[in-house]
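Q: The numbers in the sequence shown follow our numbering, run straight up by one, and end at 70.
Glycine is no exception: its CB is placed at the ideal position from the N, C-alpha and C atoms.
Note that the structure is predicted; figures quoted are calculated from it, not measured.
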Amino acid sequence: MSQIKVNDETLEVQLPLTLAELIALRQIFQPEMVSVQVNGTFIEHEQFDATVIREGDEVDFLYFMGGGR
């Protein structure tokens with residue numbers, strides 16, 4: 002098992018793992034509406050299948066909400 006951080010939470014995961022697989026594993030709600038950063042770099046949705054997560058990576062799922070006046 003390997004350690005990564007997801008939204009500041011340390012997780013034990015089995016590598017190799019793609020970003021798309023991590024999204025499925027974490028059961029991310031509406032993955033088409035989430036922005037993702039890996040080690041501070043935004044990843045395009047088209048690259049989720051090709052982006053490989055490595056030991057020690059930091060992944061952030063970001064949800065943008067509308068509202069206000």
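Of all the beta strand (DSSP E) runs that stay within the bounds of the segment 6-68, which reach a length of 3 or more residues?
A: Correct list: 10-14, 35-39, 42-44 and 59-64.
Q: Which term fits D58, buried or exposed, when burial requires 16 or more other beta carbons within 10 angstroms of its beta carbon?
A: Label assigned to D58: buried.
Q: By Cβ distance below 8 Å, which residues in the same chain neighbour L12 in space, the five residues on each side in sequence not counted?
A: Around L12: Q4, I5 and K6.
Q: Do T19 and I54 have their C-beta atoms within less than 8 Å of each other?
A: Contact flag set, yes.
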